[in-house]
Structure formats: C-alpha cells, structure tokens
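*Asks:* Heads up: the sequence shown runs through residues 1 to 329, numbered per full-length UniProt numbering.
All C-beta atoms, glycine included, are put in the ideal place defined by N, C-alpha and C.
I have a structure I would like to understand better, so I am pasting it below and will then ask my questions one at a time.
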Amino acid sequence: MKVLITGGAGYIGSTVASACEDNGHEVVILDDFSTGRREFIGDRPLYEGDIADAALLDRVFTEHQVDAVVHCAAKIIVPESVADPLGYYENNVSKTVTLLEGLQRNGVHRFLFSSSASIYAPDENFVVTEDSPLQPGSPYARTKYMVEMVLEDFTKASDVKVLSLRYFNPIGTDPKLRSGQQLEKPSHVLAKLLEAWVNKETFTVTGVDWPTRDGSGIRDFIHVWDLAKAHVAALEGFDRATADGPYQVFNIGTGNGVTVKELAASFEEISGDPLQVQFGDPRPGDVAGVYTVSSKAADVLGWKAELTETDAVRDAIAWLPVRKEMLGY
C-alpha cells in the first residue's frame, strides 16, 4: 500500500511513517514544515507545501498511485486555539475541506483522520466509548469535531470512505529513536516534565481541583509507537472496517486512566530524581479529561496498546540526547 501522510514530518506523522515502512508500506510525505523537521524525512518522497494548495495536491496524486491518505496535519495547542480560534478553524477545518476536494478530484477513496478524544463529554467516571456524548471544550477540540461532521457527510455524498481515529494522549517516542517530540518548548505534560527535569526547574501541575481521585487531570496516556501501529492496523483493515458503513470512528487509547500527579510520580521513579512540583490553575481550554473503555479497535482492527506510560517515559528520556544531536536542542 502507498500512503500519503500529511504532516508527515511532525511528531506523530513521522512515527506513523516509520511504522508503515516497518510493515512493508510505501510512504509519501506532505508537510509545510511549520512544526515538522526535515531530519525526520529520510529518503521518503517529500512534497513541501500546504494541504490547501490544490495544484500541489494534484501533482502528488498524479506522480504517485496513492492508496490511502493519513491526515495528521493540524494545529494542536489548546490555549493557542483559545487565543486564535479563527486561525484554528481556517487551518484545521477549511484546509481539510480543500484536501478532501483533492482526494475526490483524483479518485483516492481511503482517508484516515487524526481526530481527538478531546471532543468527548466526560461522564462522572471519566470513561468513554465511541458512543459517548460529544462536547468539545476548546476551539481546537471543536475543529476536530467539525471535521468529523464534514467527513461523515462527505462519505454519504462520495465514494470516499473514512476512519476517524480519536487519539487520547500520545507520549513517548519511536523506540528506535528515528524521530520524536521535535518542539523545543512543547506544551504537553510529559514534555513539561522532561523540561523541568533537564533544567532542574519546578514542574507545574495545571489544575488540581478537578473531581478526579487526586484533583489533577486524568488522561489516557498512549505510547506514540502504539498509536502509530494503530494507524497501520487501520490501513491494513480499512476495507473490513468500513464494510458496515463508509464512516467509522475508533478510540485509540490504553483503557487506563492516569492522573497528572501519578505520571509525575512515575517520572520520578524512572528518572531516579526527585521533582520540584507546584500546583497552578488550569490553562485556558483545559478539561478534566477522559480515558477509553472501548474494545472496538481490538475487535475490528485487531489492535490494542502493548506499551505503558512507563515505557513512554523511558523512551522519551532516551530521545533527549538523540534530539540534542539531531536537532541541536
């Protein structure tokens, strides 16, 4: 199978690319390098540009017989989306519509979407399945929700079939250290733990008054390599997964809820160093969080998470010196 990955030079896209190649699939990368890194491309065919560049899309699909598109390109920072909602709607929603027009124009019929568990409305136990109510709590989350609605409608009016993978909280790095978290100042919790640890600074738990078991937010932390392998399983099982309908959603998580305080404690244990921890207010757009109890991905795609948040922490620590050598920071 030949797969076009939008955002394929980024943290998740590059890891998905490696997993695809490890399983015998060809990969083509489309990235504007707004956050992606050229060091992650290797010898993969690369098209530099915007997913809303119709001429570029036509060129990609003309020069490659693409069997499926994995759409990872998006803005993803929740507080930034609160400050710049129009930028997020334009980038994540409007440009995805142009990308879909390119698929339709060029006869590409399989589309795998990087969606988000942030669209769920948590229940009192913070557990969700694919059938749980949806209540996106930030402009970022609403862009994912809106794209899902667009995709579902699009499949009813075209020959395109779609799998939406609702990611939970990816952490860690490719265990072979071919790529990893590339941002110098990333915003997700494990990156903040690493930053505090490396710089001997204080780690701030943002939000400690949530109705969770210890007051901090609860997350379903999934190793990014497990997440990447979920994409491979979805691509390989695509036609089977859409046999009952052209639009299907899958939760991609571990099924295990871990609080931010618990992750910090695990980090201390693995690193062997005590952390300075302080408590702060939630960031704009933050929510208490959810984790999945669904078995749909296992039942339909034959995929389930195999690695733990402990594995992810170890791999993230191992990535730091490689990142320093590869990216300079």
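First and last residue of the beta strand (DSSP E) that includes D140?
*Replies:* Going by the sequence as given, residue 140 is Tyr instead of Asp. Not the beta strand (DSSP E): Y140 falls in the alpha helix (DSSP H), residues P139 to A157.
*Asks:* With a 10 Å radius around its C-beta and 16 neighbouring C-beta atoms as the bar for buried, classify D220 as buried or exposed.
*Replies:* Answer is buried; the Cβ neighbour count reaches 16.
*Asks:* Can you give me the C-alpha to C-alpha distance between S294 and D239, rounded to a whole angstrom?
*Replies:* 21 Å
*Asks:* Would you kindly check if the distance between the Cβ of V70 and the Cβ of V150 is under 9 Å?
*Replies:* no
*Asks:* For D58, is the classification buried or exposed, using 16 other Cβ atoms within 10 angstroms of its Cβ as the cut-off for buried?
*Replies:* Taking a 10 Å sphere around the C-beta of D58, we find fewer than 16 other C-beta atoms and assign the residue as exposed.
*Asks:* Looking at C-alpha atoms only, which residue of T98, G87, E90 and G49 is the closest neighbour of F154?
*Replies:* T98
*Asks:* So E309 and V258 are in contact, right, with Cβ under 8 Å, and what is the actual spacing, rounded?
*Replies:* 6 Å
*Asks:* Report, in whole angstroms, the separation of the C-beta atoms of I252 and I222, which I expect to be a contact under 8 Å.
*Replies:* 7 Å
*Asks:* Between the segment 99-110 and the segment 31-42, can you find at least three pairs of beta-carbon atoms closer than 8 Å?
*Replies:* Output reads no: the segment 99-110 does not touch the segment 31-42.
*Asks:* Would you identify the three-state DSSP class for G102, choosing helix, strand or coil?
*Replies:* Residue state, collapsed to three classes: helix.
*Asks:* What residues in its chain sit with their C-beta under 8 Å from that of E130, if we drop five residues either side in the sequence?
*Replies:* R166, V249, F250, N251, S294 and K296
*Asks:* Between the Cα of A68 and the Cα atoms of K75, E80, E26 and P45, which residue gives the shortest distance?
*Replies:* E26
*Asks:* Which residues bound the alpha helix (DSSP H) around A228?
*Replies:* V224 to E236
*Asks:* Am I right that L112 and L163 are in contact with their C-beta atoms under 8 Å? What's the rounded C-beta distance?
*Replies:* Indeed they touch by this definition, with Cβ atoms about 5 Å apart.
*Asks:* So, under 8 Å CB-CB, V205 and G280 are touching, yes? Tell me the CB distance rounded to an integer number of Å.
*Replies:* With a contact defined as Cβ atoms closer than 8 Å, V205 and G280 qualify at about 7 Å.
*Asks:* Go ahead and pull the three-state DSSP assignment for D315.
*Replies:* helix
*Asks:* What does DSSP give as the partner residue(s) for Q135 in the beta ladder?
*Replies:* Beta-bridge pairing links Q135 to no other residue.
*Asks:* Check the DSSP bridge columns for V168 and list the partner residues they point to.
*Replies:* It is Phe, not Val, that sits at residue 168 in the sequence shown. The partner list for F168 (beta bridge, DSSP) is empty, contrary to what the question assumes.
*Asks:* Give me the DSSP bridge partner(s) of T292.
*Replies:* V128
*Asks:* Does the separation of the CB atoms of L177 and A318 fall below 9 Å?
*Replies:* yes
*Asks:* At what residues does the beta strand (DSSP E) containing A68 begin and finish?
*Replies:* A68 to H71
*Asks:* First and last residue of the beta strand (DSSP E) that includes P26?
*Replies:* The identity of residue 26 in the sequence shown is Glu, whereas the question assumes Pro. First-last of the beta strand (DSSP E) with E26: E26 to D31.
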